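Working notes for the structure below.
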Amino acid sequence: MKMTPKSEQDLSECVAAAKGPLAIQGGGTRGVSVAGDLLNTSGISGINLYEPGALTVVVKAGTAVSEIEAALASERQRLAFEPMDYRGLMGVKGEPTIGGVVAGNISGPRRIQVGAARDFTLGVRFVDGQGTVMKNGGRVMKNVTGYDLVKLMSGSWGTLGVLSEVSLKVLPMPEADATLQVHGLNMNDAVAAMADALGSPYDVSGAAHLPNDDGGVTMIRVEGFEKSVAYRIAQLREVLGKFGGEMTQAKHSVTDWAAVRDVQNFHNKDGDVWRVSVKPSDGPSVVAVCAPLEAQFDWAGGLVWLRTKQGADVRDKLAGIAGHATLVRGSGQPRFHPENKGVAALSDGLRQRFDPRGILNAGLMSA
Amino acid sequence: MKMPVPSQSVLARKSQVVARLQGVLPMDAVIHDEMETRAYECDALTAYRCPPMAAVLPSTTDEVAAVLRICHEEGVPVVPRGSGTSLAGGALPTADCVILGVARMNDVIETNYADRYIRVQTGRTNLSVTGAVEEDGFFYAPDPSSQLACAIAGNIAMNSGGAHCLKYGVTTNNLMGVTLVLMTGEVVEIGGAHLDAGSLDLLGLVCGSEGQLGVVTEATLRILHKPEGARPVLIGFDDNEIAGACVSDIIKAGVLPVAIEFMDALCIKATEEFAHAGYPDCQALLIVEVEGSEAEIDDQLGRIKQIAMRHSPVEFRESKSAEESAAIWLGRKSAFGAMGQINDYMCLDGTIPVSELPMVLRRIGELSEQFGLAVGNVFHAGDGNMHPLILFDANKEGDLELCEEMGAEILKLCVDAGGCLTGEHGVGIEKRDLMTYQYDPADLEAQLLVKDVFDPQWLLNAAKVFPLAVSEGRRATQLAAQ
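Chains as they are written, first to last, in this note's numbering: chain A, 902 to 1268; chain B, 13 to 494.
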C-alpha cells in the first residue's frame, strides 16, 4: 500500500490509522529500504515563508530541494551546508526533498566550515508514531527555549517522527569562489596539507582529496568577496608550498565541488559504498585498514568514502579507530553503525517513547 | 517564585546522605554546614535564593558518578552547577537537594591542532579554554559576556551564545563530544573528535538541556585559527527603528560580519557615564565587527559604510587602532555593569526574526510607558537576540513583581513576532511558566518524554524548564520512589 498525504493533517491521520510498519519516504533517493506500507511525504509541499532579510525559509517537508534552491538563488542566497545529491551514487531517479535532507542530516563539503544540516535547521514540525503533531524550535537563529528536539529529529531518519515542516537558516551566496589544486600528494601528505589549510586564518570552505594514478588532487576552496578570495588563495599557496606538489587554480569550481559532494568518482561502478566519519588525521588509516577498491576524502580527511567489494564488512577493521561507518549502498550489514551500550539504551528509550508501536522505519536504526 | 515543597524524608536523612558522600569524596569536597551551603544559595538570578541541603565538589568523572549513584539510591534531588553565572536561575537549589559543582574539574585533557579540537573537563571557564590554545593562534568561538567566569558545563547546559556567534554559531555548533554521567551514575560517551552522530544525535539533545538529562564532565570542543585581524565600526543613529532597518540591510547585502551589536539611548548614556568609552550622544548605535586581513577588512567596511549611509547615520566611526577598537567594545562589554550601577534591572533574552526589530523595539517602548518602567536595549542585533533591560527598584514594594509582569509581556511579544522566549540564557525558573505560551501541550509532552528516558525519577534539576503544574505528575514519581 502507498499513502501520499497532502497535508500535515492527512499525515497525522495516516500514521494514527496505520495497522503495521510504515516505510517513510520523501524523494526516495537516499537508499533507505525498510519493510512496511509506503508513506510518501512529497505531496506535503510548498514554501510557506521566505524572508531574505532574516536569512530564513520555512518549507513543508516534502518540498523538492531543487525548488527551494531555485527560490533562494533568485535572492542570491543558498543552503550553505551544501546537501549531497545521492541519485548518481545510488543509481536512482526521483526528486530529493528537504524533509529527507533534514531527516538524514545530509550535508556536503562546506560542513567543515559552516556546519551540517542539523546546524541550519531552526525548527521542525513532525508527526510522532501515534499520529500526534508536535513542533520544536522556531524560525530564529538563537533559541534555547526547552530541549533541542530539532537536533534530535535531524538525523533520526524518520524513526522518531515524520517531518511535516522545517525552518532553515540560509546564507548569502558569495561574490566569488576559487579552488587551489595541489597535485601528486600521497594520502598522508594530502591530509597534512588539508590540516594546515584549515589550521590557517584563511577561512577554507572545502578540503578534499581525490586519489588518482599520479597520487591525487588535493582541493582547497575559499569563498567570499573577489579581492579577498584572491588574497587568501595566494596566502594558501605559501602555506602549502612545503608539500612540493604542483599547484593550479580552478576559477569557477562549482561543478568540481558538486562532484566531490556527490562522490561522482564512484558513479556507475559496482561494489558497496561506505561513508566513514573519523577525525581527519585518521583518514589515511581508514583506507589502510579497509583496503577498498577506491577511496575519496572530504572534510579534510574526516569524511572517507570507500567503495568496497560487495558484502565486505569494514566495521570490524575500523574497531581501533573512533568514529562511525554507514553502509550507504549495499546490503548484508546494518546501515548504521552500532552504538555503544549507553547510547543505544538511551536511543532505544527515545524510540519507544516517540514511536511506542515501533512502526516508523522499524529496524532502520536499531536491531 | 514557586518551588516544589522539599521532601521531609530526604531532609530527615541528611546526615546519612552526607556520610555516604564523604565516603566517596575528599572531606573538603562535601559541604554541609548551614553557613557554608549559603555560598550556593543562588546563581546570577539573585532575586531567588535557597541554600541546598549539601554541596559537593568532585574532581573526576568517577567521583561525579559515585555522587550521582548515591543520590539516586537515596532519592535525593541533584542540581548541577557550573560557575553559578546563570541569569535564569538554572542552578537555583531546592532545600532538599545536593548541589553538584564542577568547579574543581578544570583540566585540559587533550589539545589537537591538526584535527582542531580540545578536550577539557567542564569546570574549566570559557575564556580559559581559549587561554589554553591562544599562544598557538587558536580560539574557542562561543563568547558569552560572562566568559571570564562561566564554565563550559554551564555553557553546554544552556547552549550559550555570545556576541560573535553570528559568524561562528553557539555552543551546540562548536561541541563535538561529551562524557555524560546519568542520574544512575552510568557514564555514557557521546560523540568525539569526528563530525556528526553515527545514529541519533544525542549530543544535540544534551546541549541546552539545562542539566536535566545528566551531568557533563568532559567535553570535546571545536577550536579555530584566529583571524588575521578584526576591526569594529560604530554607527550612530537618531532613531531606534532606523538602526534596526540598517541591521537587516547589512545582513541581506551578503556581508556577514562576526558581530552586530545594538545599544539604545538609555544604555549609551549609562555606559558613557560608567566606562567613558567616548560614545556619541545619539538614540541608537550599532557596533559592527568584521574580520580578515587589513585589505579584506577595508573592503567589507566599505560595503557596510555604503549601506549605513543610506540610513543617514549621525556618526560613522571606523576604528583606526587597537586602542580605538578596544574603546568601541569597552562600552558594549560594560553595558550590563553600567546599567547595574544606575539601577536594579532585569535582563530579558528573547529572540525575534531580524526583520521584526523595528516593530518589536516600538512595542517595547509602548510597554515601557504602559508599565511606567524604563527599558534599556542592548543586544545581539545580527541574530535578533534581544536583551531588554527593565529597570526597577528592588527596595520598592511590588516593583519586582511589576517588572516580572512586564518582562513576561515582552517575551510574549517576541513569541508573537515569530521568535522565542530565550535565545541564550535558558529557561531555568525564570521563564518556566511562559513555556506554555510558546509550546502546545503536545510539544511540551515531547520534551517531557526525553526527560523520562534520561532521568525516569526526575531527580536532576527537576523544578526547572517546565511549568511546575506540567511536570507535577512526573516529579511525583520521584516522591513515590522514596
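Glycine included, each C-beta is placed from N, C-alpha and C at the ideal position.
Remember, predicted model here, so these are calculated numbers, not experimental data.
Range of the contiguous beta strand (DSSP E) that encloses residue i
i: Q1197 (chain A); result: E1195 to D1199
i: R1208 (chain A); result: L1204 to T1209
i: A144 (chain B); result: First-last for A144 (chain B): N138 to V145, but that is the alpha helix (DSSP H), not the beta strand (DSSP E).
i: K1070 (chain A); result: V1063 to K1070
i: G210 (chain B); result: Segment: none, G210 (chain B) is in no beta strand (DSSP E) and carries neither H nor E.
i: Y951 (chain A); result: I948 to E952
i: L297 (chain B); result: A296 to E303
Reference residue i; option with closest CA among the options
i: S324 (chain B); options: B:I247, B:T283 and B:H392; result: B:I247
i: T229 (chain B); options: B:T72, B:G35, B:I43 and B:Q34; result: B:T72
i: F274 (chain B); options: B:L215, B:L456, B:L401 and B:E421; result: B:L401
i: L1086 (chain A); options: A:P953, A:L1111, A:L1219 and A:A1245; result: A:L1111
i: R93 (chain B); options: B:A59, B:D119, B:Q469 and B:E53; result: B:E53
i: A962 (chain A); options: A:H1084, A:G1231, A:R1133 and A:T1022; result: A:T1022
i: A1079 (chain A); options: A:W1158, A:G1145 and A:Q1197; result: A:W1158
i: Q1234 (chain A); options: A:V1105, A:M991, A:Q1211 and A:F1255; result: A:Q1211
i: E303 (chain B); options: B:T283, B:Y129, B:A296 and B:Q312; result: B:Q312
i: V1092 (chain A); options: A:T1119, A:S1068, A:P1102 and A:G1107; result: A:T1119
i: D1183 (chain A); options: B:R374, B:C258, B:R329 and B:G204; result: B:G204
i: V1140 (chain A); options: A:G1117, A:P906, A:G1100 and A:G927; result: A:G1100
i: N1113 (chain A); options: A:N1089, A:H1084 and A:N1006; result: A:H1084
i: G440 (chain B); options: B:I340, B:G189, B:D119 and B:G220; result: B:G220
Simplified DSSP assignment, three categories, for residue i
i: A1017 (chain A); result: coil
i: W1175 (chain A); result: strand
i: S157 (chain B); result: coil
i: L1023 (chain A); result: strand
i: S1110 (chain A); result: The displayed chain sequence assigns His, not Ser, to residue 1110 (chain A). If DSSP states are grouped into helix, strand and coil, H1110 (chain A) belongs with the strands.
i: H288 (chain B); result: coil
i: H84 (chain B); result: helix
i: Y1132 (chain A); result: helix
i: T1078 (chain A); result: The question names Thr, but residue 1078 (chain A) is Asp in the sequence shown. Correct three-state label for D1078 (chain A): strand.
i: A11 (chain B); result: For residue 11 (chain B) there is no data in the structure shown, the boundaries of chain B being 13 and 494.
i: A1226 (chain A); result: strand
i: C415 (chain B); result: helix
i: M1099 (chain A); result: It is Leu, not Met, that sits at residue 1099 (chain A) in the sequence shown. Helix.
i: P984 (chain A); result: coil
i: E378 (chain B); result: helix
i: Q1031 (chain A); result: coil
i: G4 (chain B); result: In this structure chain B extends from 13 to 494, so residue 4 (chain B) is not present and cannot be described.
i: A1094 (chain A); result: helix
Integer-rounded CB distance, given that residue j should sit under 8 angstroms from residue i
i: F496 (chain B); j: G349 (chain B); result: Nothing can be reported for residue 496 (chain B): it is not among the residues displayed for chain B, which extend from 13 to 494.
i: G947 (chain A); j: G995 (chain A); result: That belief does not hold up - the Cβ atoms of G947 (chain A) and G995 (chain A) are roughly 19 angstroms apart, past 8 angstroms.
i: V1028 (chain A); j: S1065 (chain A); result: 6 angstroms
i: I43 (chain B); j: A66 (chain B); result: 6 angstroms
i: L950 (chain A); j: L1251 (chain A); result: Not quite, the Cβ-Cβ distance comes to about 30 angstroms (not below 8 angstroms), so this is no contact.
Any C-beta of chain A under 7 angstroms from that of residue i
i: E240 (chain B); result: yes
i: A100 (chain B); result: no
i: G432 (chain B); result: The question names Gly, yet the displayed sequence has Cys at residue 432 (chain B). Yes, because at least one Cβ of chain A sits closer than 7 angstroms to the Cβ of C432 (chain B).
i: V462 (chain B); result: yes
i: K264 (chain B); result: yes
i: D55 (chain B); result: no
i: H44 (chain B); result: no
i: N473 (chain B); result: no
i: H237 (chain B); result: yes
i: D311 (chain B); result: yes
i: Y125 (chain B); result: yes
i: D119 (chain B); result: no
Terminal residues of the alpha helix (DSSP H) in which residue i lies
i: M351 (chain B); result: A347 to I354
i: P239 (chain B); result: Where P239 (chain B) is concerned, there is no enclosing alpha helix (DSSP H), given that its DSSP letter is neither H nor E.
i: R1162 (chain A); result: V1155 to R1162
i: Q497 (chain B); result: For residue 497 (chain B) there is no data in the structure shown, the boundaries of chain B being 13 and 494.
Min CB distance residue i to chain B below 7 angstroms
i: Y951 (chain A); result: no
i: E968 (chain A); result: no
i: K1218 (chain A); result: no
i: D1020 (chain A); result: yes
i: E1066 (chain A); result: no
i: D1090 (chain A); result: no
i: N1262 (chain A); result: no
i: D1078 (chain A); result: no
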